[in-house]
Each structure stands twice: as structure tokens, then as C-alpha cells.
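**Student:** To start, I am sharing the structure in question, which I have written as C-alpha cells.
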Amino acid sequence: MASKHQTLEQLIVPTIEALGFVVWGIELFSQGKHSKLQVFIDSPKGINLDDCEKVSRQISSILDVEDPISGEYTLEVSSPGMDRPLFTLAHYEAFKGHKVQLKLRSPYEGRRKFKGVITGVENDEVVVQVEDHEYLFAIDLIEKANIIPQF
28 MASKHQTLEQ LIVPTIEALG FVVWGIELFS QGKHSKLQVF IDSPKGINLD DCEKVSRQIS
88 SILDVEDPIS GEYTLEVSSP GMDRPLFTLA HYEAFKGHKV QLKLRSPYEG RRKFKGVITG
148 VENDEVVVQV EDHEYLFAID LIEKANIIPQ F
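Residues in the sequence shown are numbered from 28 upward in steps of one, following our numbering.
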């Protein structure tokens, strides 16, 4: 049986791609009786408000018919932004050399939060340089990761 996340991907990714956008990531947060579905879209020319509205209208229609989320929920469609979240190994590979802030699902060496530079990807692990230590974090153990914008 497919997970809720897989079901959402199967329902909305083809529509978003047909509109000419790339699905950067999907996050579903359950907050009691109310949930929030965040869909991050991207394109080579960037994303504007009209793009987000167009995608939101299309996937809202699909979600209303298929009803994959029980109860009330809020749909948010946006660009990943400068502090873009990272979801896949390909994302980490594409942002090698960038600073990242990540939070692990469980503590590693007594802590869950790390800030460092992505130095690579090895198999299913992300390599992050934190000060003078190099860490390998399995992608499945990373709860959340965001690029730290540099100005």
C-alpha cells in the first residue's frame, strides 16, 4: 500500500509537470484535525505568484475529487526560495559547496541540529563539513534540511 506522501506525488506531480513546472518537494504536516500541504515548485525561469496560483487551482481540483487527505487542510504552493528545503540526494548533490542547516530525526553524538557545508553525496548518505569534522548522514535520518542563503 502506498504511503500518503506517495499517493500525493502520484496525484499531483503529473499535473504540475504538464503545466511546465518542476516539483521541488512536497511536505504534509498533520496538526490535529487540521493539516497543511506544502508544494514547492520550480522552473528555469523562476516562479512568480501567477505560477503558484495556476498550480494551486489545478491541484486543488484534483485533491477535491480524489480526497487523499482526511479532514481539513490548507494547501500552500510556493517556490523553494533562497533557503530552499532539500528533499533528495540529487538536491544535495546540486548544492554541493553550499551551507546547509539540517535537523536529524534522532540525535547523533548528542545533538539533532547541524550547520555546515555540503561536500558531497556517497551512496545514500550526505557528507557535511561542520567546522573541522566531516559527517555522513543517511538521507533517511535527515528530518529537515535548508540551504543557508549567502549574501
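The beta carbon of each residue, even a glycine, is placed where N, CA and C say it ideally should be.
Would you kindly report the start and end of the unbroken beta strand (DSSP E) that includes residue 101?
**Tutor:** In the sequence shown, counting from the first residue as 1, residue 101 sits at position 74. According to the DSSP assignment, residue 101 belongs to the beta strand (DSSP E) that extends over 99-105.
**Student:** Excluding sequence positions up to five away, which residues of its chain have a Cβ less than 7 Å from the Cβ of residue 167?
**Tutor:** To locate residue 167, count along the sequence shown from 1; it is residue 140. So the list is empty, once near-sequence residues are dropped.
**Student:** If you draw a straight line from the alpha carbon of residue 156 to that of residue 150, how long is it in whole angstroms?
**Tutor:** Here residue 156 corresponds to residue number 129 of the sequence shown, with the count starting at 1. Here residue 150 corresponds to residue number 123 of the sequence shown, with the count starting at 1. Rounded to the nearest angstrom, the two C-alpha atoms are 17 Å apart.
**Student:** Going along the chain, which unbroken runs of the alpha helix (DSSP H) with 4 or more residues stay wholly within the region 111-138?
**Tutor:** Listed in chain order, the complete alpha helix (DSSP H) runs (minimum 4 residues) inside the region 111-138 are 116-121.
**Student:** Could you tell me the boundaries of the alpha helix (DSSP H) in which residue 87 lies?
**Tutor:** In the sequence shown, the residue the question calls residue 87 occupies position 60. Looking at the DSSP string, the run of the alpha helix (DSSP H) that includes residue 87 is 76-93.
**Student:** Once DSSP output is grouped into helix, strand and coil, what is the label at residue 158?
**Tutor:** Counted from its first residue, the sequence shown places residue 158 at position 131. Three-state DSSP puts residue 158 in coil, outside helix and strand.
**Student:** Can you tell me the Cβ-Cβ gap for residue 62 and residue 98, rounded? I've got them flagged as a contact below 8 Å.
**Tutor:** By 1-based counting over the sequence shown, the position of residue 62 is 35. By 1-based counting over the sequence shown, the position of residue 98 is 71. Sure, about 7 Å apart at Cβ, within 8 Å.
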